[in-house]
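S.K.:
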Amino acid sequence: MATLNYYIVLASILFGLGAIGFLTRRNALILFMSVELMLNSVNMMLVAFSHFRAEMAGQVMVLFIYAVAAAEVAVGLAILIVLFRNVKSVNINKFNVLKW
Amino acid sequence: MENYLFLIPLFPLVGFLINGLLGQRIGKGGVFFTACSAIGFAFVIALLSVVELVGRAPEERQLVQVIWNWIAVGNFHVELGFMVDQLSAVMILIVTGISFLIHIYSVGYMHDDPSYWRYFAYLNMFVFFMCLLVLGKNYLVMFVGWEGVGLASYLLIGFWYEGDANADAGKKAFIVNRIGDFGFVLGMFVMFMTFGSLDYHEVFHKANEMFHQGLIGINTPALVAMCLLLFVGATGKSAQIPLYVWLPDAMAGPTPVSALIHAATMVTAGVYMVARSNILYTLAPTALLVVSLIAVATALMAATIGILQNDIKKVLAYSTVSQLGYMFVGVGVTAYWAGIFHLMTHAFFKACLFLCSGSVIHAMSGDQDMRHMGGLAKKMPITYVTMLIATLAIAGLPPFAAFFSKDEILWKAFCFPYYPVMGKIIWFIGTLAAGITAFYMFRLIFMTFHGEFRGTEEQAHHVHESPVSMTFPLVVLAFLSLTGGWLGIPHLISEKIGHVPNVLETFLEPVFEHSQAIVAHTAVIPEYSHAVEWTLMGSSVLVGVIGICLAYFIYMVHGKDLPAKLAKTYRLHYDLIYNKYYVDEIYYVMVVLPIYHFSVFLWKVIDAFFIDGVGVNGAGWLVRRSSAGLRYIQNGYLQTYGAYMCLGVVVILWFFLGAH
Numbered sequence: 001m002a003t004l005n006y007y008i009v010l011a012s013i014l015f016g017l018g019a020i021g022f023l024t025r026r027n028a029l030i031l032f033m034s035v036e037l038m039l040n041s042v043n044m045m046l047v048a049f050s051h052f053r054a055e056m057a058g059q060v061m062v063l064f065i066y067a068v069a070a071a072e073v074a075v076g077l078a079i080l081i082v083l084f085r086n087v088k089s090v091n092i093n094k095f096n097v098l099k100w
Numbered sequence: 001m002e003n004y005l006f007l008i009p010l011f012p013l014v015g016f017l018i019n020g021l022l023g024q025r026i027g028k029g030g031v032f033f034t035a036c037s038a039i040g041f042a043f044v045i046a047l048l049s050v051v052e053l054v055g056r057a058p059e060e061r062q063l064v065q066v067i068w069n070w071i072a073v074g075n076f077h078v079e080l081g082f083m084v085d086q087l088s089a090v091m092i093l094i095v096t097g098i099s100f101l102i103h104i105y106s107v108g109y110m111h112d113d114p115s116y117w118r119y120f121a122y123l124n125m126f127v128f129f130m131c132l133l134v135l136g137k138n139y140l141v142m143f144v145g146w147e148g149v150g151l152a153s154y155l156l157i158g159f160w161y162e163g164d165a166n167a168d169a170g171k172k173a174f175i176v177n178r179i180g181d182f183g184f185v186l187g188m189f190v191m192f193m194t195f196g197s198l199d200y201h202e203v204f205h206k207a208n209e210m211f212h213q214g215l216i217g218i219n220t221p222a223l224v225a226m227c228l229l230l231f232v233g234a235t236g237k238s239a240q241i242p243l244y245v246w247l248p249d250a251m252a253g254p255t256p257v258s259a260l261i262h263a264a265t266m267v268t269a270g271v272y273m274v275a276r277s278n279i280l281y282t283l284a285p286t287a288l289l290v291v292s293l294i295a296v297a298t299a300l301m302a303a304t305i306g307i308l309q310n311d312i313k314k315v316l317a318y319s320t321v322s323q324l325g326y327m328f329v330g331v332g333v334t335a336y337w338a339g340i341f342h343l344m345t346h347a348f349f350k351a352c353l354f355l356c357s358g359s360v361i362h363a364m365s366g367d368q369d370m371r372h373m374g375g376l377a378k379k380m381p382i383t384y385v386t387m388l389i390a391t392l393a394i395a396g397l398p399p400f401a402a403f404f405s406k407d408e409i410l411w412k413a414f415c416f417p418y419y420p421v422m423g424k425i426i427w428f429i430g431t432l433a434a435g436i437t438a439f440y441m442f443r444l445i446f447m448t449f450h451g452e453f454r455g456t457e458e459q460a461h462h463v464h465e466s467p468v469s470m471t472f473p474l475v476v477l478a479f480l481s482l483t484g485g486w487l488g489i490p491h492l493i494s495e496k497i498g499h500v501p502n503v504l505e506t507f508l509e510p511v512f513e514h515s516q517a518i519v520a521h522t523a524v525i526p527e528y529s530h531a532v533e534w535t536l537m538g539s540s541v542l543v544g545v546i547g548i549c550l551a552y553f554i555y556m557v558h559g560k561d562l563p564a565k566l567a568k569t570y571r572l573h574y575d576l577i578y579n580k581y582y583v584d585e586i587y588y589v590m591v592v593l594p595i596y597h598f599s600v601f602l603w604k605v606i607d608a609f610f611i612d613g614v615g616v617n618g619a620g621w622l623v624r625r626s627s628a629g630l631r632y633i634q635n636g637y638l639q640t641y642g643a644y645m646c647l648g649v650v651v652i653l654w655f656f657l658g659a660h
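Residue numbers (the working numbering), protein chains in the order written: chain A, 1 to 100; chain B, 1 to 660.
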């Protein structure tokens, strides 16, 4: 029988992978995916808590978060495409026109 | 008329605004017309108000108009309001009347000045503030006027600001007056603490009530402090020891300004203020003694300095200081109406003297040194006659104006109710100063109008009588210098010539009746026989005549060599007086230099080093240095910021979870 702790550990591992990926990679697309990974690990936690507390609100909330995240992904990818058009690269170290 | 009192200051204000803002566009005629008619209208309204005032029963003689509630904070209320009672009636007629004459005179005098419009704008502004000063119904409105006339005086003394000396004289007047005004403000604070109001009616009523209920006695410390502080203000504005030093320098301004501001009206504001506060002063005899002693010392000191001045306006300036001393003696010995009486006659004859000197200076092409004049009587007959009348008036010869007013003051000093012995001393010094006054004024007449002309050829060629716009005010003022005294003929004389009433004293009596009641209640008013009074009157005329004869003997009979010989014989005295007792030099060393060095210390050490160096630049240095280190944190790499965020989360988690 899987207890709540399994879920928490799994979510933490996913979150940690996402955070490490975000901090170490240079590819903007990968960074984006890392962020999504962190977001979804949190979603997973919400579902897990919701399930073990026998309360549906958390799971409903996750559905809303997916809706918002989908919109956010659309905007984020659009920005990425525009950036790529301007810089011809997705390496974030090249996005430095506003740097002092 | 009660609802139209505001028009009296409003007309000069409008004149000031028109001349000040549009003066350059409306041309000379426009400026002259605006300035003169503004004051003319103010005079007419003042006259109508006074006519209505006189038409009322004596106990109802008070016109009050409240414009709006100016300040209302807690239990502190001040209204912007005007009041005409007997005292301000006399003042407002003097102020607007003489201002009108001097405006007319200025049309002639300032005709060729390039910035005539600025002159008339300032002059109108002065009249506006002077009207506020005498019409205000509480001390704060009076103070606004008091400050305003100081400003106008400063602007007009430094009117020809291209000359450094003129600008310096203006600054000196302004700064010395600030010292006095500080005392005035403190006096108002004490007054509010004691009576909870600044309104004339409330304060005087309360003071009278409290005295009769026994709540305050004679010489209550708060009252003495209040009166002395207010008198500090008066010493500044009215040029008494120790703050008189600005007035002689103020002669740097145009001569009509000297006549109007520094002789006839503004400098008498202090006398008006003391007379207005008569109840407070009567309840503080110590303050009265201080006032009258300082006043008589000023009268004597300024008169002696006047003897040796060679600048015609400086002589008149010191004579003004001296005459102001007489006025303060009058109000200081509780003869308030006599002080106001002398204020009035002095306004007539001193304005006349100054305007005559202006006429002389005009004729001499701007030269003010009497050593270059002489024999002008033939060439300027109107100026000569009017100036002679005014000089006879100031010398105190009957039946000219100052004979009556000065004599009344000296007589009242002789019967000073609170301090009879001091009164005799004041009388003696006052009489002595009267003789000196007659001497130096006739020295001025003899040096200017008699003897040989001592100026250059060019000046001699240029000397001429002044235009009508200048001689007309002279004639009017000379007439008033002759007849002005007849408003206050003493009982003693009126008995002999058929019971001529003492118009002014009767008119002013209600203003001072509470004070007189308090004096009668607390002190014994000395009684003297008529023989004593006649003797005193005779002696003051006698010293006047002696002064004139002495001046005639020294400057006419032996005019060539005697003055120089006397100067050589009494070298020390001569130097001391010629250099005005070195008062300016003493003030320079005792007051100006320490303040100067202290200011330099504040500037170099406190300001430049501590505030600028350590404070301002130090803070900048600190920020620059610390940010130079901190800037490495902001490197522009997104992931560095992400790492900071993670670090932050870890710290927060550790704080909330790991700390337990």
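Beta carbons are placed, not taken as given, at the ideal position from N, Cα and C, and that holds for glycine.
(1) Would you mind telling me which residues of chain A sit closer than 7 angstroms to L638/B, beta carbon to beta carbon, in chain order?
(2) What residues in its chain sit with their C-beta under 7 angstroms from that of M370/B, if we drop five residues either side in the sequence?
(3) For V190/B and L156/B, which I take to be in contact (beta-carbon distance under 8 angstroms), what is that distance rounded to the nearest angstrom?
(4) Check F76/B in the structure and name its three-state DSSP category.
(5) Given E505/B, which residues of its chain have a CB within under 7 angstroms of its CB, disregarding the five upstream and five downstream residues?
(6) Give the straight-line distance between the Cα atoms of L355/B and A250/B, rounded to the nearest whole angstrom.
(7) Less than 8 angstroms between CB atoms is the rule here; does V11/A satisfy it with respect to chain B?
(8) Do M441/B and I669/B come within 8 angstroms of each other at the CB atom, strictly closer than that value?
(9) Given M537/B, which residues of its chain have a CB within under 6 angstroms of its CB, disregarding the five upstream and five downstream residues?
(10) Using a threshold of 8 angstroms, state whether the C-beta atoms of Y109/B and P256/B are closer than that.
(11) Going by beta carbon distance, what residues of the same chain come within less than 7 angstroms of A165/B, once the five residues before and after it are set aside?
(12) Quick check on the DSSP output: what are the complete alpha helix (DSSP H) runs of length 4 or more inside the region 16-64 of chain B, in order along the chain?
(13) Three-state secondary structure (DSSP) at G81/B?
(14) W68/B to E79/B, Cα distance in whole Å?
(15) As a quick exercise: from F609/B, W160/B, S359/B, P510/B, pick the residue whose alpha carbon is nearest that of A89/B.
(16) Which residues in the same chain as V545/B place their Cβ atom closer than 8 angstroms to its Cβ, once the five residues preceding and following it in sequence are excluded?
(17) Grab me the residues of Q24/B's own chain with a C-beta within less than 8 angstroms of its C-beta, minus the 5 sequence neighbours each way, in chain order.
(18) For the structure I just gave you, are there three or more beta carbon pairs, one from the region 413-426 of chain B and one from the region 270-289 of chain B, closer than 8 angstroms?
(19) Between the alpha carbons of S626/B and C646/B, how many angstroms are there, rounded?
(20) Taking Cβ-Cβ distances shorter than 7 angstroms, what residues in chain A pair up with A643/B?
(21) Any idea what DSSP makes of G451/B, helix, strand or coil?
(22) Determine the closest residue to F129/B out of L151/B, Y119/B, A303/B, with distance taken between C-alpha atoms.
(23) What does DSSP give as the partner residues of V66/B in its beta bridges?
(24) Tell me whether G136/B sits in a helix, a strand or coil according to DSSP, three-state version.
(25) Does DSSP classify D199/B as helix, strand or coil?
(26) In the region 71-98 of chain A, which residues sit with their C-beta less than 9 angstroms from some C-beta in chain B, listed in chain order?
(27) Look up D612/B in the DSSP assignment and say whether it is helix, strand or coil.
(28) Between the beta-carbon of F126/B and the beta-carbon of I261/B, is there less than 8 angstroms?
(29) Please list the partners that A19/A has in chain B, where partner means a Cβ-to-Cβ separation under 7 angstroms.
(30) When you compare only the Cα positions, how much space is there between A519/B and A413/B?
(31) Let me check one thing: in DSSP terms, what residues is N93/A bridge-paired to?
(32) Just the Cα atoms here: how many angstroms apart are A264/B and G484/B?
(33) Kindly identify the DSSP beta-bridge partner or partners of D369/B.
(34) Are the region 376-389 of chain B and the region 320-337 of chain B touching, with three or more C-beta to C-beta distances below 8 angstroms?
(35) Check each candidate in R178/B, E162/B, G158/B and name the one with the smallest Cα separation from A169/B.
M.R.: Looking at the atomic coordinates:
(1) I92, listed in chain order.
(2) N310, I312, L444, M447, T448
(3) Distance from V190/B to L156/B at the Cβ level is roughly 32 angstroms; contact not present, criterion being Cβ atoms closer than 8 angstroms.
(4) strand
(5) W337, G488
(6) 15 angstroms
(7) Reading off the sequence, residue 11/A comes out as Ala, not Val. Not closer than 8 angstroms to any Cβ of chain B, the Cβ of A11/A fails to qualify, so no.
(8) Any question about residue 669/B goes unanswered here, given that chain B covers just 1 to 660.
(9) Closer than 6 angstroms at the Cβ level, and outside the excluded window around M537/B, lie D407.
(10) P256/B sits close to Y109/B, with the two beta carbons spaced by under 8 angstroms.
(11) Taken in chain order, the residues that qualify are A252.
(12) 27-55
(13) strand
(14) 6 angstroms
(15) P510/B
(16) Non-local C-beta neighbours of V545/B in its own chain, meaning closer than 8 angstroms and more than five positions away in sequence, comprise L397, A438, ordered along the chain.
(17) Beyond the five residues adjoining it in sequence on each side, Q24/B comes within less than 8 angstroms, by CB distance, of W117 in the same chain, given in chain order.
(18) yes
(19) 25 angstroms
(20) Result: L23.
(21) coil
(22) Comparing Cα positions, the closest option is L151/B.
(23) G81/B
(24) strand
(25) strand
(26) I92, N93, F95, N96, L98
(27) In the structure shown, D612/B sits in a helix (DSSP, three-state: H, G or I).
(28) yes
(29) What A19/A touches in chain B: C646.
(30) With the sequence shown as reference, residue 519/B is identified as Val, and Ala is not the correct amino acid for it. Their backbone Cα atoms lie some 14 angstroms apart in a straight line.
(31) Paired residues: none, contrary to the question.
(32) 14 angstroms
(33) D311/B
(34) no
(35) G158/B
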